[in-house]
Every structure is written in C-alpha cells, then in structure tokens.
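Asks:
Residue numbers (this note's numbering): 1 to 266.
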C-alpha cells in the first residue's frame, strides 16, 4: 500500500528565481501586446493611404563638368565682384542722403543752395566733430545721378568716416520734430545699397498695411526698418519723436505711405 509523501518545499533561492522569472514574463507579455497594438494601428493607417504612383522616376542626367579654366575664371570674377561690392558698400557707409529736396534749374544756384542745406544739417546735428570736418572741407556733396538734369535728384552727403556719418544722423534724429532745414516731404537717411533699397520698399509696404489695420499713423520707416511712433496720431503727424528726420511726415489718412522707389544706389 503506497502512501503519498509530501513534496519538499523549494529552497528560498529557487522561489525567488521563479518569482523574478514570472515578473519578467509578465512584463515581456505586456510589451508584446503593446507592440501588437501599435502594429495593428499602423496597418489600419496604411490601408487609408493611397498607393504610390507607379510612374518611374525621371532619371537624372549626368551634369557636365566645366573645364578647369572656366571654373578658375568664374571664381576670379566672383572674387573681383565681392571686392568691388565691399569697396562700394564701405563708401556708402560714409554717406547720408537727403530725399525730396527740389533743385533749381541753374547749376550755380543749385550748388549754393545745396551747400547751405548741408551746412544747416551739420549745425543742426550739434556734433562738434562733424562741424570740425565741415569747416575743414572734408564733407562734400553731389546730386545723384550726376549725369541727369536737375529736378528732384537725391542729395548725397559724403563724410570722412562712418563714425562721423553716424554722429551726424544720431544728432539730427535725437531731436523732436522735423528738422528745420528739411521742409516736408523731404527727409534724410543712410545711403542704402541695392539690397537695402529692396528691404526699404518692402518695409514701406508693410508700414502702409500696418497703419491701415490700426487706423492711425502708428508705424513709420527709418532707413529700411519699421519703427513705432511714441505719440498719438495727431501728435505724430505734427511732431513725431526723432523720426521726422528719417521719413516725411504723412497726412493722417490710410494711404499715407508713398510706395514709390526712394532714391537710387550708387
């Protein structure tokens, strides 16, 4: 007659290993279930996407290789142009431009009038170094382009350095209201490069749009940057703070910004 003998309990280490193994299996099972769920979602999404076009891709033609001499010439021409552009830009960095001042038909009278205007702007800036340069004959001016007849050409004022150019502009722009030497609608700004002129025209359109949206003369233009008037519409039209030296003060109407090109590049 056989008797059932009770099984000996597992050692503690074996019980711990079985528990850990069970936990690992459960964790792995959860990850597998999650991956299967994501795969099912991807398959469902794939069914909703239309099949790709069966049109074969257009083969790319092999680019022709230019001769070494042509490549060298192109590199040389690019370097020369970059040097010329740098020199022209450095000269522009020393100039300011007066826009909107009408000319006299007599070249002599026009030259005298421009000389007095430049002197008035120098004195109005209040900078002693700029005044010293003017007295020494280091500040010159000309109408641009020189080969065109008198009319309404921009007046370009050349200073000895960018530092003096900035000092003159800062001195003029730091004062409230329109500079007395610049009757409306004339104004003074930096001499802009062709790329900067493009930015100015784009900014002018943006200023026009913004002012129409708000229904007041809230925004203005300085060189090629959009600025905000620090006063109400009425006072901005009468005497805006330090902006009238950069742009003409417009009448308070929605289409106040003139979008015509302002001046030319050298």
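All C-beta atoms in this analysis are idealised placements derived from N, C-alpha and C, irrespective of residue type, glycine included.
Could you check whether the segment 187–205 touches the segment 88–103, counting it as contact only if at least three pairs of C-beta atoms, one from each stretch, sit closer than 8 Å?
Replies: As far as the Cβ criterion goes, the segment 187–205 touches the segment 88–103, which means the pair count is three or higher.
Asks: Let me know if residue 40 comes out buried or exposed under the rule of 16 or more other beta-carbons within 10 Å of its beta-carbon.
Replies: Exposed, by the Cβ-count rule.
Asks: Relative to the alpha-carbon of residue 227, which residue among 151, 163, 207 and 102 has its alpha-carbon at the smallest distance?
Replies: Here the closest residue by C-alpha is 207.
Asks: Please determine if the segment 129–146 and the segment 158–176 are in contact, where contact requires at least 3 C-beta pairs separated by less than 8 Å.
Replies: They touch, by the three-pair rule.
Asks: So residue 101 and residue 186 are in contact, right, with Cβ under 8 Å, and what is the actual spacing, rounded?
Replies: Yes, residue 101 and residue 186 are in contact; Cβ-Cβ is about 5 Å, under 8 Å.
Asks: Does the beta-carbon of residue 125 have 16 or more other beta-carbons within 10 angstroms, so that it is buried, or is it exposed?
Replies: Residue 125 is buried by the Cβ-count criterion.
Asks: Would you list the one or two residues that DSSP bridges to residue 158?
Replies: For residue 158, which the question treats as bridged, DSSP gives the partners 95 and 140.
Asks: Alpha carbon to alpha carbon, how far is residue 107 from residue 213?
Replies: So the alpha carbons of these two residues sit roughly 45 Å apart.
Asks: In or out: residue 184 buried (at least 16 other Cβ within 10 Å) or exposed?
Replies: The residue is exposed, with fewer than 16 neighbouring Cβ atoms inside 10 Å.
Asks: Less than 7 Å between C-beta atoms, sequence neighbours within five positions excluded: which residues of the same chain meet that for residue 138?
Replies: Cβ within range, chain order: 160.
Asks: Return yes when the Cβ of residue 114 is within less than 7 Å of the Cβ of residue 155, no when it is not.
Replies: Against a cut-off of 7 Å, the Cβ pair of residue 114 and residue 155 comes out as a contact.
Asks: Following the continuous alpha helix (DSSP H) through residue 120, name the residue where it begins and the one where it ends.
Replies: 107–125 is the span of the alpha helix (DSSP H), which, as asked, contains residue 120.
Asks: Does the beta-carbon distance from residue 141 to residue 153 come in below 7 Å?
Replies: Cβ distance not < 7 Å, so residue 141 and residue 153 don't count as in contact.
Asks: DSSP state of residue 189, grouped into three classes?
Replies: Residue 189 falls in the strand class under three-state DSSP.
Asks: Tell me which same chain residues have a C-beta within less than 6 Å of the C-beta of residue 171, skipping the five on either side of it?
Replies: Cβ neighbours of residue 171 beyond the five flanking positions: 125, 126 and 127.
Asks: In the structure shown, what three-state DSSP assignment does residue 178 receive?
Replies: Correct three-state label for residue 178: coil.
Asks: Under DSSP, the beta strand (DSSP E) around residue 222 begins and ends at which residues?
Replies: Residues 219–222.
Asks: What residue range is occupied by the uninterrupted beta strand (DSSP E) comprising residue 225?
Replies: Looking at the DSSP string, the run of the beta strand (DSSP E) that includes residue 225 is 225–228.
Asks: Can you tell me where the alpha helix (DSSP H) holding residue 194 begins and where it ends?
Replies: 194–214 is the span of the alpha helix (DSSP H), which, as asked, contains residue 194.
Asks: Given a threshold of 16 other Cβ atoms within 10 Å of its Cβ, counted over all protein chains shown, does residue 220 qualify as buried or as exposed?
Replies: Per the 10 Å Cβ criterion, buried.
Asks: Considering only the alpha carbon of each residue, which of 146, 34, 179 and 75 lies closest to residue 118?
Replies: Closest by alpha carbon: 179.
Asks: Decide if residue 211 is buried, meaning its Cβ has at least 16 other Cβ atoms within 10 Å, or exposed.
Replies: Residue 211 should be labelled buried.
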